[in-house]
DNA sequence: TTCACTTTGTAAACACTGTTTACCTTTTGT
DNA sequence: ACAAAAGGTAAACAGTGTTTACAAAGTGAA
């Protein structure tokens with residue numbers, strides 16, 4: 003009867019325990035520096051037990067990544083609802099991306115910096131990240147409709163801004179900005195960078 | 003007498019053999035997926051032999067990274083010498099960066115995507131990458147002197163452009179652009195992106 | 001209750017990893 | 001000729017992800 007449902011709940015509970023333990027460790031020490039034995043001992047089970055719930059270590063990463071995107075997307079969406087102006091909203095979402103990378107460096111790396119192969123189990127690059135991308139893209143298209151960037155196609159703007167924000171986050175994350183900016187106050191610099199990336203373009207396409 | 007010098011040359015030759023084998027493997031399969039035993043068997047020595055020439059695996063990476071930067075810098079410098087206009091030169095160096103990332107994905111990751119900790123042996127983030135940065139920065143400053151980006155500080159432009167180009171390279175490298183651009187012709191898109199990133203800014207600082 | 005069957009957990013093994021140790025041979029400078 | 005140093009290695013150490021064989025417990029039906 004309901005035995006089966008209870009067992010399914012139990013199974014889900016166990017998966018959660020594994021995911022929580024793994025997330026904590028991955029975020030702290032990085033995917034490659036966490037062994038299954040450490041995850042196992044964190045939840046006080048044997049290493050082999052984990053394989054009853056996940057087919058391998060990569061699948062754990064994959065699920066965590068998806069959950070992370072879901073959470074990130076939700077928080078982002080909340081904040082963005084309060085900003086009616088598309089361009090202002092675009093800037094703010096860029097700031098959110100950077101803020102996320104700085105406050106959760108481990109999680110950021112998990113979500114945005116692991117290559118497709120490493121996480122991709124069934125040949126489809128997680129669709130949660132796809133949804134994040136779609137949100138961003140429609141925001142850009144709003145701006146374009148208002149003429150914020152002049153006469154230019156969406157793809158160019160989308161990938162330019164995405165690259166800019168992502169690259170900045172990545173450079174901060176790997177410690178390269180800190181190594182080269184030389185004790186500069188980072189926060190106002192970030193604002194200026196975002197402002198620069200999203201500065202208005204020419205109304206006329208040259209040449 | 004000259005015995006000592008010959009021995010030093012021999013030692014250097016052996017280091018080269020190790021570096022060459024390691025580079026080939028690292029570039030093909032990634033740092034973490036290459037074992038010392040594979041490097042060792044590639045040069046037909048025992049694994050332990052390598053430790054007579056490098057203190058550990060990370061040091062091999064560190065040296066390769068440095069050499070890579072040296073080479074990259076040299077090639078870049080050659081090309082750039084032929085372009086007198088600073089802004090045009092800046093765009094071209096961005097293209098060089100992307101081209102490098104696309105034609106040598108493994109090497110790109112080795113050089114630009116390994117975090118400081120992983121390669122940093124003596125607490126100093128390799129100075130060869132620093133020189134690359136200095137080159138780029140002075141190019142930006144030339145452009146600023148000509149008013150190419152309006153009235154704005156160097157740091158903002160430097161980090162904006164660096165982020166943009168680096169981020170794009172990284173997104174291409176991890177397969178995310180391919181996954182999302184959906185069969186678009188990449189090459190002309192790249193041109194448009196670079197053109198967009200380096201579009202002229204306002205002459206007047208708003209607000 | 002008894003019985004087959006599935007589920008859940010584990011110890012042990014497998015084939016790896018980076019690195020260190022002890023030891024041997026060869027080369028060196030005196 | 002001889003002590004010292006250098007170059008190379010097999011074996012071991014402690015670790016990795018994963019699989020296997022097996023035991024215990026829970027389940028549903030006779």
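Residue numbers (our numbering), protein chains in the order written: chain S, 3 to 209; chain H, 3 to 209. Every residue gets a Cβ at the ideal spot worked out from N, C-alpha and C, and that includes glycine.
In chain S, what lies closer than 8 Å to residue 71 of chain H by C-beta? Going along chain S, no residue has its Cβ under 8 Å from residue 71 of chain H, so there is no contact; the nearest lies around 13 Å.
Would you decide whether residue 208 of chain S is buried or exposed? Buried here means 16 or more other CB atoms lie within 10 Å of its CB. Here residue 208 of chain S scores only 42 on pLDDT, less than 50, and its place in the model is too uncertain to base an answer on.
So, helix, strand or coil for residue 55 of chain S, using DSSP? coil
Does chain S have any CB closer than 9 Å to the CB of residue 173 of chain H? yes
Under the assumption that residue 151 of chain H contacts residue 184 of chain H (Cβ atoms under 8 Å), give the Cβ distance between them as a whole number of angstroms. Not a contact, Cβ separation roughly 32 Å.
Nearest-angstrom Cα separation, counted from residue 97 of chain S out to residue 187 of chain S: 16 Å
Under DSSP, the alpha helix (DSSP H) around residue 99 of chain H begins and ends at which residues? 88-105
What residues in its chain sit with their C-beta under 6 Å from that of residue 205 of chain S, if we drop five residues either side in the sequence? In this predicted model, residue 205 of chain S has a pLDDT of only 48, less than 50, meaning its place in the structure is not dependable enough to derive any value.
Using 9 Å as the limit for Cβ to Cβ distance, is residue 199 of chain S near chain H? yes
Should residue 163 of chain S and residue 199 of chain S be called a contact, given that it needs their Cβ atoms to be closer than 9 Å? yes
Between residue 63 of chain H and residue 41 of chain H, how many whole angstroms is the CB-CB distance? I'm expecting something under 8 Å. The pair is not a contact, with the Cβ atoms about 11 Å apart (cut-off 8 Å).
Cα-Cα separation between residue 66 of chain S and residue 23 of chain H, rounded to whole angstroms: 36 Å
Within chain S, partners of residue 154 of chain H - CB distance below 7 Å: 198
Give me the chain S residues within the contact set of residue 170 of chain H, using Cβ-Cβ distance strictly less than 9 Å, ordered along the chain. 161, 162, 164, 165, 166, 168 and 169
List, in chain order, every chain S residue whose beta-carbon is nearer than 7 Å to that of residue 186 of chain H. 157
Which residues in chain S have a C-beta closer than 8 Å to the C-beta of residue 203 of chain H? List them in chain order. 198 and 201
Check whether the Cβ atoms of residue 167 of chain H and residue 196 of chain H sit closer than 9 Å, and answer yes or no. yes
Using CA atoms only, rank isn't needed, just tell me which of H:79, H:114, H:4 and H:154 is closest to residue 94 of chain H. H:79
Anticipated Cβ contact below 8 Å, residue 108 of chain H with residue 59 of chain H, distance rounded: Actually they are not in contact, since the Cβ atoms of residue 108 of chain H and residue 59 of chain H sit about 16 Å apart, beyond 8 Å.
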